[in-house]
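Some notes on the structure that comes next.
Protein chains: 2
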Amino acid sequence: MVEPLNIALAGLGTVGTGVVRLIETNAELIARRAGRPIRIAAVSARDRTKDRGFDLSRYTWEDDPSVLASREDVDVVVELVGGSDGPALALARKAIAGGKGLVTANKAMIAHHGLELAAAAEEAGVPLKFEAAVAGGIPVIKGLSEGAAANAIERVYGILNGTCNYILSTMEDTGRDFADVLQDAQRLGYAEADPTFDIEGIDAAHKLAILAAIAFGARLRFDAVETMGVSPVKAADIEQARALGYVIRLIGMAEIDRSNGVTGLFQRVRPHLVPFGHPLAHVDGATNAVVAEGNFMGRLLFQGAGAGDGPTASAVVADIIDIARGEKRAAFSMPAGELEAIEPAPTGHRLSRSYIRFTVHDRPGVLAEITAAMRDAGVSIESLIQKGSEEEGGEVIIAAVTHEGPESAVTEAMRILDGSDSLVAPPLVMQIIAD
Amino acid sequence: MVEPLNIALAGLGTVGTGVVRLIETNAELIARRAGRPIRIAAVSARDRTKDRGFDLSRYTWEDDPSVLASREDVDVVVELVGGSDGPALALARKAIAGGKGLVTANKAMIAHHGLELAAAAEEAGVPLKFEAAVAGGIPVIKGLSEGAAANAIERVYGILNGTCNYILSTMEDTGRDFADVLQDAQRLGYAEADPTFDIEGIDAAHKLAILAAIAFGARLRFDAVETMGVSPVKAADIEQARALGYVIRLIGMAEIDRSNGVTGLFQRVRPHLVPFGHPLAHVDGATNAVVAEGNFMGRLLFQGAGAGDGPTASAVVADIIDIARGEKRAAFSMPAGELEAIEPAPTGHRLSRSYIRFTVHDRPGVLAEITAAMRDAGVSIESLIQKGSEEEGGEVIIAAVTHEGPESAVTEAMRILDGSDSLVAPPLVMQIIAD
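If you want it as structure tokens, here you go:
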């Protein structure tokens, strides 16, 4: 009989419970595929008495998760505690220093401390794996760092937050407004009680920074992700976008920018307009999808469940199986010391088509003021819709789509209009994804 | 300096040339990711003088490809000769027996001899890899055997042949008929001069059999794939399907069937109707896409370029990088000896919704005859369209969609109508994919 791979689980929330359930349900199949059984040597969580739907007494319990990192009978620590620092980071460091492999679903911790942990893991000669940290059940880290390994990746982008995608696609289907749909999402469990990390784009930014590091062989720069969330998107924007042939999605996008003779790392999370003909336009509900473009493979798309206990557990256990099989790939596809320090790219010279929505007072001269500002800033307008107000002197929506041009011109037009008393609220600018 | 991984290339057609170009272009990046350089130690092809766009003199030439398998300075043989048997198979066997790793893009050889080669590779302790054999540049073999490794896979299906998808989606866009579009596809290089393997579904069946073996841990049964090609699909079918909310795609589908208390392997390649809301409905042109459904991960979709020198070379070199990294996963995700022998599943009891197109003489009583046959066979009709003929007594098209029911009932209805002189041609039955 071959030796099992012994794992210790820290954290028995939704994902941790899913991992136990998966390992119990698919044990025999996993042993055949991994070449050896996966054995849960010990577990730790905050509450020992909570009913999690499985018999906790089958597993050795530790009150203190950090003890898992020093148990003799543990090969791999699975960190599912969460949080970028605190107990999760302490456990991760201790596990690696103690010669254990580390598997985690913790995107915040990897986005902030991934480089340090990867360097420590290489030093210690242990695996560090975090497939579940990005896009839940979709093996996109494996896809980029192994499947696409032969390619220079030019761009990676996608729908990285299921909560935002659920909200936007529900707004689209129902015509309802953001706040209203968010409440529903919270009630249905698609959004947290405090939804800030999701709806402000921070969760997507964590994932994007991880993907960018792997795709471009660049040192992680979470601090340099330009981030905007979905709360400014109105039902009217979705309606206008649809009339123009687009849907609105929160897109994380990263590129290597060589356009100015300097290599820069471009990373942005923002609502974008996606043309109906693009595969991302058909990604609805809590689904995630990632597109990677390489110099030989062309465009590759990965799509699936971005969250939930089953899909996330599937990714966690895939990492464990890789370790059981003896796979030794570096955490970020190449050794941490070889990742290049690439400065954030300036964005002003980026050529984009943009959608700009103005909420204005319904009175003479407003349209002339806006179009003059666009002209003076050098923004060329491709189409413009003014939606009539129902009452004299009320608010109206003006939605403009620009021709392709430097983003700095749009910024300049917004600067000219800043503080204008024609505007009821600040304009919303969203870039348009090319087909 | 670390030792390079030395490879030998047999075959310098489109893909082989692409592999050389990729390794030359991305050499430095590949070395960083693989942890060591990839060195082309020797090459062999039919014609030494042909201009392939690179300097052949840089590489050691062998007239006889089988010599590559015994060169001391070769770690991995890359077989890109093609053909299920003959020189390709001889080279593969010799390379493995000689203790070399084998990488191949040869779907026909793997579909026919994959089990034998996998067993030999395990015996010899060398890697056997064939990512490029299925869906070109899409890392779907890796996705299934590693990314989805924690799951019991319930179903795997997709668009596996770019030629057929190009033809069907062009018919859809232009309203033109099959033969006409095929000619264009041949002129543009999307179809071979002899397109039989592609348009009759054999190429897709090769790929499906490989995917099924990996997904289900089953012994390869290419002989048991029920195969039908796209040539019977008419422009009128595409038009009717669209009116009903579907597109037509050649789908390869494999499932483990446990419905009758016996475990059976279901494998089918056929044109299907795909509802507009399904991600496969938006896969156009020569693109490939594969869906896998697992008991924890849910539905996963992989999409990308299914053919072409760049994407296929990307997959070949990804395999080479895996080997350079020391990855040791079994060729079919588990040892060949552990793959289960699963008998083909009978299909009569399968519950499907079907589209049935009849081409009939435009005369009284025909519709009554068809609907009576359906009733007598127990087929419940959900909708039926009769498209009026332009001239009295001409041919008309009747398109029926059935409610969900056993496929045997549809077969029985076809049997009742067989030989009826109301029918101008045999009816065409296509199953409908669920949303």
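In the order they appear, the protein sequences are chains H and Z.
Under full-length UniProt numbering, residues 1 to 435 are what the first sequence spells out, in order.
Under full-length UniProt numbering, residues 1 to 435 are what the second sequence spells out, in order.
Glycine residues also receive a C-beta, built at the ideal position from the N, C-alpha and C atoms.
Whether residue i touches residue j by CB criterion (8 Å)
i                     : j              : result
residue 438 (chain Z) : A313 (chain Z) : Since the first residue of chain Z shown is 1 and the last is 435, residue 438 (chain Z) is not available in this structure.
A88 (chain H)         : K107 (chain H) : no
residue 436 (chain H) : I159 (chain H) : Outside the displayed range of chain H (1 to 435) lies residue 436 (chain H), so it cannot be described from this structure.
L91 (chain H)         : V77 (chain H)  : yes
G35 (chain Z)         : R219 (chain Z) : no
D180 (chain Z)        : A191 (chain Z) : no
A8 (chain H)          : A41 (chain H)  : yes
F296 (chain H)        : P4 (chain Z)   : no
I370 (chain Z)        : L428 (chain Z) : no
V225 (chain Z)        : A213 (chain Z) : no
Contact with chain H by residue i, beta-carbon distance below 8 Å
i                     : result
H282 (chain Z)        : yes
I138 (chain Z)        : yes
Q386 (chain Z)        : no
S169 (chain Z)        : no
F296 (chain Z)        : yes
S333 (chain Z)        : yes
I159 (chain Z)        : no
V317 (chain Z)        : yes
N106 (chain Z)        : no
residue 437 (chain Z) : Absent from the structure is residue 437 (chain Z), since the part of chain Z shown begins at 1 and ends at 435.
N288 (chain Z)        : no
Bridge-paired residues (DSSP) for residue i
i              : result
I40 (chain H)  : H:I7
L102 (chain H) : H:V77, H:L128
M430 (chain Z) : Z:Y355
P406 (chain Z) : Z:L351
T287 (chain H) : H:A305
E412 (chain H) : According to DSSP, which records beta bridges pairwise, E412 (chain H) is partnered with nothing at all.
E293 (chain Z) : Z:R155, Z:R299
A149 (chain H) : DSSP lists no partner for A149 (chain H).
Limits of the unbroken beta strand (DSSP E) element including residue i
i              : result
M253 (chain H) : 246-257
H272 (chain H) : 264-275
V401 (chain H) : 395-402
I356 (chain Z) : 351-361
R299 (chain Z) : 298-305
L159 (chain H) : The question names Leu, but residue 159 (chain H) is Ile in the sequence shown. From DSSP, the beta strand (DSSP E) with I159 (chain H) extends over 153-159.
S169 (chain H) : Looking at the DSSP string, S169 (chain H) is not in any beta strand (DSSP E); the run it does join, the alpha helix (DSSP H), is 162-174.
L384 (chain Z) : 381-387
Exposure label - residue i; buried when at least 16 CB within 10 Å
i              : result
N288 (chain Z) : buried
V316 (chain Z) : buried
K387 (chain Z) : exposed
P127 (chain Z) : buried
H206 (chain Z) : buried
N151 (chain H) : buried
T163 (chain H) : buried
K50 (chain Z)  : exposed
H403 (chain H) : exposed
F358 (chain H) : buried
H349 (chain Z) : exposed
S383 (chain Z) : exposed
E172 (chain H) : buried
P65 (chain Z)  : buried
D421 (chain H) : exposed
P426 (chain Z) : exposed
D75 (chain H)  : buried
Heavy atom of the ligand ZN within 7 Å of residue i beta-carbon
i              : result
F197 (chain H) : For the structure depicted, the ligand ZN is absent and the ligand set is empty, with no information on it obtainable.
Residue-level contact to chain Z via CB, residue i, 8 Å cutoff
i              : result
R329 (chain H) : yes
K234 (chain H) : no
A149 (chain H) : yes
G365 (chain H) : no
F302 (chain H) : yes
G217 (chain H) : yes
S422 (chain H) : no
A213 (chain H) : no
L29 (chain H)  : yes
Where the alpha helix (DSSP H) through residue i begins and ends
i              : result
L211 (chain H) : 202-216
E28 (chain Z)  : 27-34
F197 (chain Z) : 196-199
P139 (chain H) : No alpha helix (DSSP H) holds P139 (chain H); DSSP gives it neither H nor E.
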